[in-house]
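Position 60 of the sequence shown, counting from 1, maps to 59 under numbering that gives the first Met the number 0, and the rest follow consecutively.
Idealized CB from N, CA, C, for every residue including glycine.
Being a predicted model, the structure only gives us computed values, none of them experimental.
Working notes, beginning with the structure itself.
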Amino acid sequence: MENKVKVTLVKSTIGCNKKQRDTVAALGLKKIGASNVLTDNACLRGMIKVVNHLIRVEQA
């Protein structure tokens, strides 16, 4: 069984650079409080590292 992580947007992307805004969009998050359950892999971990100050990550 694959590991899953739940990613929740907790801070606004206003004032962030374009790379960070695009990364949040690629995670499937649009509004504050929005969550998405994704398969945990190296690519996802890299995306989380770019925007870790904007999101909350939990095991799903």
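Where residue i falls: helix, strand or coil (DSSP)
i          : result
residue 30 : coil
residue 3  : strand
residue 13 : coil
residue 56 : strand
Environment of residue i [buried if 16+ CB atoms lie within 10 Å]
i          : result
residue 38 : exposed
residue 13 : exposed
residue 31 : exposed
Contact check, residue i vs residue j, beta carbons under 9 Å
i          : j          : result
residue 9  : residue 35 : no
residue 18 : residue 49 : yes
residue 59 : residue 4  : yes
Strand pairing of residue i, partner residues [DSSP]
i          : result
residue 69 : Nothing can be reported for residue 69: it is not among the residues displayed for the chain, which extend from 0 to 59.
residue 8  : 54
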